[in-house]
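**Q** Mapping the sequence shown onto the numbering used here, position 152 (from 1) lands on 158, and the numbers just tick up by one.
Glycine included, each C-beta is placed from N, C-alpha and C at the ideal position.
Bear in mind the structure is a predicted one, so any value in this text is a computation, not a measurement.
Below is one structure. I have some questions about it.
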Amino acid sequence: MEKGGSLNFIEKIIRMYRRIDVRIAELSKLHAARLKCRETCCTCCVDDLTVFEVEADVVRHHYPELLETGIPHPEGECAFLDDNGCCRIYAHRPYVCRTQGLPLRWIGEGEGESGDPEMFEYRDICPLNEEGVPIELLDEEACWTLGPAEGEMAAMQQEIDGGRMCRVSLRALFVLKAGSEKACP
Ligand code: SF4
Ligand code: SF4
Numbered sequence: 007m008e009k010g011g012s013l014n015f016i017e018k019i020i021r022m023y024r025r026i027d028v029r030i031a032e033l034s035k036l037h038a039a040r041l042k043c044r045e046t047c048c049t050c051c052v053d054d055l056t057v058f059e060v061e062a063d064v065v066r067h068h069y070p071e072l073l074e075t076g077i078p079h080p081e082g083e084c085a086f087l088d089d090n091g092c093c094r095i096y097a098h099r100p101y102v103c104r105t106q107g108l109p110l111r112w113i114g115e116g117e118g119e120s121g122d123p124e125m126f127e128y129r130d131i132c133p134l135n136e137e138g139v140p141i142e143l144l145d146e147e148a149c150w151t152l153g154p155a156e157g158e159m160a161a162m163q164q165e166i167d168g169g170r171m172c173r174v175s176l177r178a179l180f181v182l183k184a185g186s187e188k189a190c191p
């Protein structure tokens, strides 16, 4: 049994990654002309990324040796980068790393003209991928919509951890070994 999780949930997350990757591949093809994402481009591999415990368990399950004996990349960039700027857990990298670079859209609350809260659509893209059709003009279907996958993982996390929504920083995985200290109390 992985800490805070189970093989069953690890498999569920992996199946979700596979499903997501199909859509990401379609969008990557659609936006191939603007995407500058390359193996060693790691500006987006920042040091403050956190994941739900259910995703952390995927990393723990697949990279026990790395977490046990590996040296985290120096602070300031993601702990999982190697000396060449490549991801050491790429095959099982978290969801958030998979959608980086694509035009993103999400629905969130903002202040309406009347001053009351209203729901708006927001969009964003990595500055390196900005060149091309302005993302505001893209069809919804041409963007990755944030929300559904996050909701799916939150539901798994709730189920697995008694309703607690524990998140753990990627860097902390080098310290918090499976079955040791809890990522959150
Ligand atoms: S896990 Fe890999 S892809 Fe994700 S931020 Fe870290 S180095 Fe980058
Ligand atoms: S999202 Fe931006 S920083 Fe990250 S790999 Fe793509 S181009 Fe590079």
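Flag this pair as yes or no: are the beta carbons of residue 104 and residue 26 separated by less than 8 angstroms?
**A** Closer than 8 angstroms, so yes.
**Q** Quick one: residues in its chain with C-beta nearer than 6 angstroms to the C-beta of residue 149, no 5 flanking neighbours on either side, listed in chain order?
**A** Closer than 6 angstroms at the Cβ level, and outside the excluded window around residue 149, lie 109 and 111.
**Q** Can we count residue 50 as close to ligand 2, meaning its CB is less than 7 angstroms from some heavy atom?
**A** Yes, ligand 2 has a heavy atom inside 7 angstroms of this Cβ.
**Q** Which word fits residue 126, buried or exposed, when buried means at least 16 other C-beta atoms lie within 10 angstroms of its C-beta?
**A** Classification of residue 126: exposed, given that the 10 Å Cβ count is below 16.
**Q** Quick one: residues in its chain with C-beta nearer than 7 angstroms to the C-beta of residue 42, no 5 flanking neighbours on either side, listed in chain order?
**A** So the list reads 134 and 135, once near-sequence residues are dropped.
**Q** So, do the stretch 83 to 102 and the stretch 65 to 75 have three or more beta carbon pairs nearer to each other than 8 angstroms?
**A** A contact exists between the stretch 83 to 102 and the stretch 65 to 75.
**Q** So does residue 197 have its beta carbon nearer than 7 angstroms to some heavy atom of ligand 1?
**A** The requested residue 197 does not occur in the structure, where the chain is confined to residues 7 to 191.
**Q** Can residue 86 be considered in contact with ligand 1, in the sense that its beta carbon sits closer than 7 angstroms to one or more heavy atoms?
**A** Result yes, Cβ under 7 angstroms from ligand 1.
**Q** Quick check on DSSP: helix, strand or coil for residue 175?
**A** Strand.
**Q** Using 8 angstroms for Cβ pairs, my map puts residue 52 next to residue 19. What's the rounded Cβ distance?
**A** Not quite, the Cβ-Cβ distance comes to about 22 angstroms (not below 8 angstroms), so this is no contact.
**Q** So, with DSSP's three-state summary, where would you put residue 122?
**A** Residue state, collapsed to three classes: coil.
**Q** For ligand 2, is there a heavy atom less than 7 angstroms away from the beta-carbon of residue 121?
**A** No.
**Q** Excluding five sequence neighbours on each side, which residues of the same chain lie with their C-beta closer than 8 angstroms to the C-beta of residue 54?
**A** Within the same chain, residue 54 has close Cβ partners 175.
**Q** Less than 8 angstroms between C-beta atoms, sequence neighbours within five positions excluded: which residues of the same chain meet that for residue 159?
**A** Correct list, in chain order: 19, 22, 58, 60, 61 and 101.
**Q** What does the Cβ neighbour count give for residue 122, buried or exposed, with the cut at 16 atoms within 10 Å?
**A** With fewer than 16 Cβ atoms within 10 Å of its Cβ, residue 122 is classed as exposed.
**Q** May I ask which residues mark the beginning and end of the alpha helix (DSSP H) holding residue 66?
**A** Start and end: 59 to 68.
**Q** Terminal residues of the continuous beta strand (DSSP E) containing residue 111?
**A** Here the beta strand (DSSP E) through residue 111 covers 110 to 117.
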